[in-house]
Structure formats: structure tokens, C-alpha cells
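What follows is a single structure, written as C-alpha cells, with notes after it.
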Amino acid sequence: MKMNCAQYEEEFSSYMNNQLTAAQQVEFEQHIAGCEGCLQELTAMQQVWSLMGDMEVPEPGAHMEVKFEAMLATFKQSVAEKKASFSIKEQFARLWQWQPKWPLAYSFVIILISFSCGYWVFKGSTTGKQDEQLQALTSQVHELKQTMMLALLENPSASERIRGVSYTSEIKHADKEVIDALFATLNNDPNVNVRLSTLDALTHLAAHPEVRQGLIASIVQQDSPLLQLAIADVMLKLQEKGSVNSFKQLLKQKDLNPGVKDKIKQTITQLI
Ligand SMILES: [Zn+2]
11 MKMNCAQYEE EFSSYMNNQL TAAQQVEFEQ HIAGCEGCLQ ELTAMQQVWS
61 LMGDMEVPEP GAHMEVKFEA MLATFKQSVA EKKASFSIKE QFARLWQWQP
111 KWPLAYSFVI ILISFSCGYW VFKGSTTGKQ DEQLQALTSQ VHELKQTMML
161 ALLENPSASE RIRGVSYTSE IKHADKEVID ALFATLNNDP NVNVRLSTLD
211 ALTHLAAHPE VRQGLIASIV QQDSPLLQLA IADVMLKLQE KGSVNSFKQL
261 LKQKDLNPGV KDKIKQTITQ LI
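Take the position in the sequence shown, starting the count at 1, then add 10; the result is the number in the numbering used here.
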């Protein structure tokens, strides 16, 4: 039975991994030699693969490398098979569970950035169909960054959590999941430095109305003088008059630091 182009495309990854039988390989190569469409598609895929192959994996433990390679292999395969709904995000989430104290999380961001750059460079020379694929990949990379950031926020180490917070700047369109996670961190993280970094990250997202509302609601939840002062500064910077009532409520707290009290009174005066 003669195979059609779609069926040959399914063999791309096997071909590139030398997993075809000798007979299959001969047939495959014969088809490619005579089919412009498949040849282009195959060349494009080989380019993507070589981009991935060039990526440096910055010194993860041997253990980790194996897992990452396995993940990448699955990723490549998924791309090759053009699965409608493959979710590398889930795989990543699983990896995080296996290795919650993964120390080199940031290397993955570097890798992902090179991923994205690679795809953009590559994108310039592709046709419509591959364009779609690449767009899907780009959005997967975006999703991945987000997953990584969310996972880092759960990390037991405060410095890793701060790193997670700082990744927010990588995320172009912070969605509800990210914003919720940041507020959970701002309002509940045991570490003051993590909360301060989170406040900073959220300030950069203040164009979102729900972020402003969340910040205002957070005023009375902060019990650290450092945070109370910082959030007063943020509200001044944003000229957020909606925060006045929350500050007035904060002033009612009995054990409020005297320095904070002065600053809050001043803030209220400057806002109204
Ligand atoms: Zn073909």
C-alpha cells in the first residue's frame, strides 16, 4: 500500500532518530527525494532539532540531565507527531514534583529564552503551516515559563521564591493564575524579602485593575512595618485614592509601629 505525505510525516522523528527499518528508510528517502513538500517540512524540522541540540544545559546534576533529556525527547516527539493537545506543561509540573529542590531552575529560563529566540530566528524562513507550529511552540514556551514561576513560588527556599517572583517580568500577559499566586505570596509568605519582591512585581502589573484592587485589599493584611511602608509608597506612586480607606483602617490597629503610623497619615494626606 502506498503511503501518503501525512503518513511519512509521522515517520519524521523515527527517521531522524534512526529508528526506521532499512526497508522503511529506503522507502522514506525515496518519497522525500520526490516530494518537495515533505522535503521542506523535514528540513524545517531538522533545523528546529539542531537548534534544540545546540542548547546548553548549564551544569545540572547527572541525574537531572537524564530527566531533562527525556523531557526534551518527548517534546521533540510531540512536535514531530503534531499532537493536537500535547502538554509539555504537565510534564514539567511532574518533573518539579520529582525534584522539588531543583537548584538550577534559572538555567531553564535561559534555555527557554534561547528556545524562543531560536524559534523566532527560524520563523523568518518558514511557510504558513510551519508558522502555525512555531506559534504553538512559542505559546508552549510561554506556558512553561509560567509553570516554572508558579512552581518556584512553592519552593521551600526563600531565594528560589524570590527568583520565581522575578520571572514575572518574563511573562508578557500575566493571567489570573499568576496574579493569584503572587497575591497568595504577598499576603502569606513567611519571608519579608519574598513579600517585598512580590510587592515590587505586582506594582509592575498595576495596569490590571484586579492587581490594584488586590494591592488595596492587602494593605490591612500586612503586619510587617517594612511592607506597610513599602505598600504606602506604592500607593503614592500609583496615586491610588481607592487605598485611603484601607490606610485609615490600618491606622486603627493598636500595635502599629509609630514610624509607620506617621508615614500612613502622610500618605493619606497626599492622596486626598
Ligand atoms: Zn510527501
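Backbone N, C-alpha and C define an ideal beta-carbon position, used for all residues, glycine too.
(1) Confirm the yes/no value for this check: CB of tyrosine 18, any heavy atom of ligand 1, distance under 7 Å.
(2) Identify, in the order they occur along the chain, each residue of the same chain with its Cβ nearer than 6 Å to the Cβ of leucine 215, setting aside the five sequence neighbours on each side.
(3) Leaving out the 5 sequence neighbours to the left and right, which residues in its chain are closer than 6 Å to lysine 251 when beta-carbon positions are compared?
(4) Around the Cβ of alanine 294, are there at least 16 other Cβ atoms within 10 angstroms (buried) or fewer (exposed)?
(5) Answer with buried or exposed for aspartate 199, where buried requires no fewer than 16 other C-beta atoms within 10 angstroms of its C-beta.
(6) Looking at valine 188 and threonine 178, is the spacing between their C-beta atoms short of 8 Å?
(7) So is serine 167 buried or exposed if we call it buried at 16+ other beta carbons inside 10 Å?
(8) Under the three-state reduction of DSSP, which class applies to proline 268: helix, strand or coil?
(9) To the nearest whole angstrom, what separates the beta carbons of glutamine 238 and glutamine 232, a pair I think is in contact under 8 Å?
According to the structure data:
(1) yes
(2) Answer for leucine 215: Ala184, Val221, listed in chain order.
(3) Hits under 6 Å: Leu281.
(4) For the chain, the structure presents residues 11 to 282; residue 294 sits outside this window and is missing.
(5) Classification of aspartate 199: buried, given that the 10 Å Cβ count is 16 or more.
(6) The criterion of a C-beta distance shorter than 8 Å is satisfied by threonine 178 and valine 188.
(7) exposed
(8) helix
(9) 5 Å
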